[in-house]
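In full-length UniProt numbering, the protein residues as written are 1 to 1197.
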Amino acid sequence: MPWISESEVPTANEFLDETDPLDYDPDNYSGPRNLVDGPWKSKEKYLETHYKLLRRDTVKPLRDAVQQLRSDPGACETDLGSTAGFYDRVHVTAVIPSTMGVAVKVVFSIQRIGKRVHWEQSSRLIQGSLVVLSPRDDCFRTTCLVATIAARPLSGVQQNPPEVDLFFARSEDLILDPDIEYVMLEERQSYFEAAKHTLVALQRMQHEKFPLAEHLVDTQSHVEAPAYLQANPTIDLRAIMPKDDQGRFETSRLNILTEWPSEDKRTVMDVSQWSALNRIMTKKIAIVQGPPGTGKTYVSVQAIRTLIDNMADEDPPIVVTCQTNHALDQLLRHIAEFEPGFLRLGGRSKDVDVVKKRTLYEVRCGLDMPRFLSGSLIAARKELQALAGDIALILEPIKLGSKCMIDAEFLRKFGIISDEQAQSLLRGGTEWAAVTDTTDKGESGLLGSWLGSLLTFKRKSFESDNFGYEFEEAELEFEQLREMEAETFATDEEEFEVLKGTTISIHDNFTAKGRVQLSDAECEKRLRNTDLYKIDFKDRPSVFGYLQRQVTKKVTELFKIKAKIYDEVATKRRLATFERDVPILAQQRVIGMTTTGFSKYRAMVAVIKPKIVLIEEAAETLEAPVIAACIPSLDHLILVGDHLQLRPHCNIRFHEGDPVNLNLSLFERLVNNGVEYNALRRQRRMIPEIRRILRPIYGDLIKDHDSVKDPANRPPVPGMGGCNSFFFSHTYPESRDDYMSAMNEQEAQMVVGFYEYLWMNGIDTTKMTILTFYNGQRKRLLRLLRQRNNLRNLRHNVVTVDSYQGEENDIVLLSLVRSNDNGTIGFLKVDNRVCVAISRAKRGFYMFGNAELLARESNTWGEICVMMYRHKTAQGAIPKSRVGFWLPITCKNHDRKMFLEDPDDWADLTGGCREECDTPLDCGHPCQLRCHPFAHNQIVCRSSCERSLPCGHSCGQICGEPCRCFMCPESNSALSQTARQTEGSPRAVGFLADVTQEEQEVHVAGWREFAQNGFETEIQALRGELHRPNSTVETTQNFGSIFHRTSYQAQPSTTPGPTPAEAAALARGAHQRFTPAQRMYAPSPAIQPASNSPDRNGGTTATNRQTLPPRLSSGTRAIAHKKISIESTYRLKAGVPAVPGGAPTPKPARNIDPPSVEEDHDLLVDFGQDNIVVQPLSNDTADAFPGPPDSRLNLLD
């Protein structure tokens, strides 16, 4: 099939064909390849090659997963590769005639994943993903149904079993039978919807005028001015020109083709920026290379400002595009400072203050649209409504709750049974009614009489997943994928996660139980009887099942015909929305969208005939989306990027580099072929000490701007004694995670220890970024950070290098991971990635890795290591090596230098040296920490509190906590009130006087669900788990804002019971944590279960709710203690009664870490029948609390 006529969505043959034209032989490759040097043979060959490469890059990973599953149908997800998604027990449950087309809702199981899924943080099954389905018994041997995810509402995937909505690529593939079980596969690495629009654009360009072909196809090096500028070269440059001493412009209107002004020292731009601006303004294809920190975006914004100043009223808008939504929002925010008439097309902008207000939807809502413009849209909507009604009528026989299957008259009209057979049912049913003295034909129908007691109503239910396994890791690519999802599926109301349309639930409402199972041929033979009552009674269930299948088959045939018409009208509706929006776009001065959005909206943008298109991040964008931006009206193409940084991403590793070279951008190809371009040269990001590390890549191209040399702008890193860059070398061995991503445990510990040291020295976590080349290391670093008591409640920037292009931060820690004996360094050998990694830091840059290995295997790394080893001071006199097997740090208090070479070296440091502090605290106790750079008022004293309480007992708390008596807990409310009244005392903890209404309401939903379902959920999780003595089970529950974690431990029974020799399930050590800033420990009384029920394993299981923390039901009151910190969080501890007849269990000691500044207050919570009342806790409300203190719901401090 010629490429130009291939379907938008891949066909089943592309996945099932065993000959596989997509398989590659690296040693004998004869497939399409991107041309690196020289011109293309023709425009047609150019477009065809990029079409085939992009389609194969998108389809092949999923095809490989299908082929693996065909060979091993019993495989788990991990057997299919790290990026495959495998789901079984897939069943159809509903049909949705939506505004976007006919969708089918399916439920599925995640048991083949082997882990639970954090759906709100997962890229699984996001809208627009390509999936394939096959009946379970076939498993892709002969059948492959191709679909895309139509919607993935969180409410759907978070239920058990989860559900999603599908768009089938072809109406003939639509499935309706809810009894057929399918398996479903996806490939999570590639995002089909983003590529689909580009593929369609390339096909259409075959029949269009191709502007700038002399450069894009023929690689002509000399570039002329755009045609519109040649016709009128005189423009106004006041927006970028300096003023004289009287505030007047020295020049205003100039012929810029012959009179481009020379660089003036009073302008903000440097020489290279001024020259680049000249190229942007005067060349029809302008290429500007911007190394890190040289001001690429600034030059782009100044060019757009000048172009806008010279636009006539009738001129079309300027189009600006970027690879990512983040970069686009930044660019548009700059443009908004001088041009309010811009519009953001597609996606969901995160810039709420400025850019989001200028999305197409927001702008349209502010206009009074003429009625005639929406005429075709109204007509399409009415037609869709009529067709939706037709579809609902067709689906009536299999609709949930329908009785058509037991209605003989319906089966006759539907052609399932003959007139004679219907009459036999009527006669037989009448006789049956007379004999049984019943007239209940309305409930069971004539077929109910025919089947008798064999007919039963079938409840709609699906097997739930048993969540006996842990959560999978949150995915790094999730944010990027969600950006693309929003870009390709944002609707008028920007609610792309839920389809708009009526959901029609379908179900086999009846079943007939029988022991005899007849084949379809045998059922057809028995149906030759014109009198259905002559069919043997034992055969009737099988015959009834056959009739059901025939009804479903006929309904499906009719449904497919109508669904095809519906989808065609839905397409007409989308075109009508484009027609409505074209006048809005034409009124704008600037239109911004991502490269993916450009491909999607290409037809609509082409109608307004823009002449100027600017593409930022052009060097990290695949060539195909840039080609798609070349609409017929294009006269001026501006490409801004840096081909020495990240290259475009490919889904197939083989496509990167020779011989395919798909990751070669148009930007880099044109530069390599000698097409004119400019490079920016003066960087404004890095201090010189860091910038020099880039010399192996850029040579002497980059110079420092004066601003980065000023310590006032780039102060030294505290705690480092002037060492603002260092390469810590080690030989810690690397390893692999479950997904075969490289990681290095000891290196991660060293990085996290240094990160905490910098935080203790006053560096906010928002000013630090940890970079790594590997997702496995990123996950490990995040886990270690969350395990640190001081850091677990803070936000951290831990990202991979590939996702940090265009970003920067004050301090960057780079974890290089690779350390082995076989000389393998993987991604670290790619100079483009290395360039991004070493150019993100402003004032502090620290690398951790095996320097010897890297220097041996890479020339670039070898030069970096030599350069850092020969570092000299500003005076150039004393060499100071910046690479070594120890990390030099300097105590700010004592100016003492220390050298750390192992992760354990951080254990006894608190931001300073190892000298004891011993400074008296406000409470009078000496500081127990070692030398530290932070103030003493941030420290919670860990000494024992020796204060005598009003009740006569001694306080049992540590000094830094509010006083509490464990001998007479009833006095603690008064102590809390005393703490309020003595806020100025060093021993007091500041409490809030009251609670706002908003604070009272914010967590009610989570509290209600916790109250209704919390402990019952735990019981289900514990069934069968505590059958072994000394086993421990931990349950985790999420209820809105409440995070509830409980540990249960089984211990030998201490009192006689039904099974005294077996282990008794004891709820012990109930421990609930809610984003803890401190490590908390709850009382852990040994609770004896009221009854022990033996399980199948011979043990006992905690099945009696009374043995667990009590359920919060209607009428229950609780005391909650709320902490106000950076984020408002609740920490609750479910109180438990003491052992009957036993002594109260003492509260164990707790380790309290230095907390952040927090304020506390107590709340009284009433769980009512219809509402939850939250009010401040006072003496009056505390006295009204029912029950003994140990039965309350207390808060952990």
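We put the CB at the ideal spot given by N, CA and C, even for glycine. Keep in mind it's a predicted model, so treat the numbers as computed, not measured.
Residue i, DSSP secondary structure in three states
i: Ala-935; result: coil
i: Val-288; result: strand
i: Leu-53; result: helix
i: Gln-683; result: strand
i: Ile-561; result: helix
i: Asn-678; result: strand
i: Phe-667; result: helix
i: Gly-1135; result: Any reading at Gly-1135 must be qualified, since the residue scores a pLDDT of 28, below 50, and its modelled position is unreliable; no value is offered.
i: Leu-527; result: coil
i: Ala-94; result: strand
i: Phe-108; result: strand
i: Phe-457; result: strand
i: Ile-318; result: strand
i: Ser-948; result: strand
i: Met-868; result: helix
i: Ala-1064; result: Its pLDDT being 29, under 50, Ala-1064 is placed unreliably in this model, and the value from its coordinates should be taken loosely. Strand at Ala-1064.
i: Gly-452; result: helix
i: Ile-690; result: helix
i: Thr-766; result: helix
The alpha helix (DSSP H) enclosing residue i, as first and last residue numbers
i: Phe-885; result: Phe-885 -> no alpha helix (DSSP H), and no H or E assigned at all.
i: Met-750; result: 745-760
i: His-334; result: 325-336
i: Val-605; result: 602-607
i: residue 1231; result: With the chain covering only 1 through 1197, there is no way to say anything about residue 1231.
i: Val-146; result: No alpha helix (DSSP H) contains Val-146, which is instead part of the beta strand (DSSP E) from 145-151.
i: Asp-309; result: 296-309
i: Pro-135; result: Here Pro-135 belongs to no alpha helix (DSSP H); instead the beta strand (DSSP E) covers 130-135.
i: residue 1223; result: Since the first and last residues shown for the chain are 1 and 1197, residue 1223 lies out of range.
Beta-bridge partners of residue i, as assigned by DSSP
i: Tyr-87; result: Met-184
i: Gly-849; result: Ser-729
i: Met-596; result: Per the sequence shown, the amino acid found at residue 596 is Thr instead of Met. Per DSSP, none; premise fails for Thr-596.
i: Ser-815; result: Thr-772 and Phe-848
i: Phe-899; result: Pro-888
i: Ile-615; result: Thr-321 and Leu-639
i: Leu-154; result: Answer by DSSP bridge pairing: none, since Leu-154 is not bridged.
Spatially closest choice to residue i from the options, by CA coordinates
i: Pro-162; options: Cys-144, Leu-125, Ser-190 and Ala-194; result: Leu-125
i: Pro-135; options: Asp-179, Arg-681, Arg-896 and Gln-289; result: Asp-179
i: Gly-501; options: Ala-94, Cys-959, Gly-960 and Gln-68; result: Ala-94
i: Val-320; options: Asp-309, Ala-303, Ala-312 and Gln-928; result: Ala-303
i: Pro-715; options: Ala-679, Arg-942 and Lys-767; result: Lys-767
i: Glu-187; options: Ala-213, Leu-133 and Ile-417; result: Leu-133
i: Pro-851; options: Ala-837, Arg-818, Asn-255 and Phe-827; result: Inspection of the sequence shows that residue 851 is occupied by Ala rather than by Pro. Of Ala-837, Arg-818, Asn-255 and Phe-827, the residue nearest in Cα terms is Arg-818.
i: Ala-388; options: Ile-561, His-222 and Asp-353; result: Ile-561
Short Cβ contact (9 Å threshold) for residue i with residue j
i: Thr-58; j: Phe-167; result: no
i: Leu-185; j: Ala-65; result: yes
i: Gly-849; j: Ile-811; result: no
i: Leu-384; j: Arg-573; result: yes
i: Val-660; j: Phe-654; result: yes
i: Met-604; j: Val-569; result: no
i: residue 1215; j: Ser-944; result: Any property of residue 1215 remains undetermined from this structure, which presents the chain solely from 1 to 1197.
i: Gly-719; j: Ile-889; result: yes
i: Gln-203; j: Ile-417; result: no
i: Ser-98; j: Leu-499; result: yes
i: Pro-317; j: Pro-610; result: yes
Start-to-end residues for the beta strand (DSSP E) that takes in residue i
i: Thr-800; result: 797-800
i: Arg-344; result: 342-344
i: Glu-163; result: 163-168
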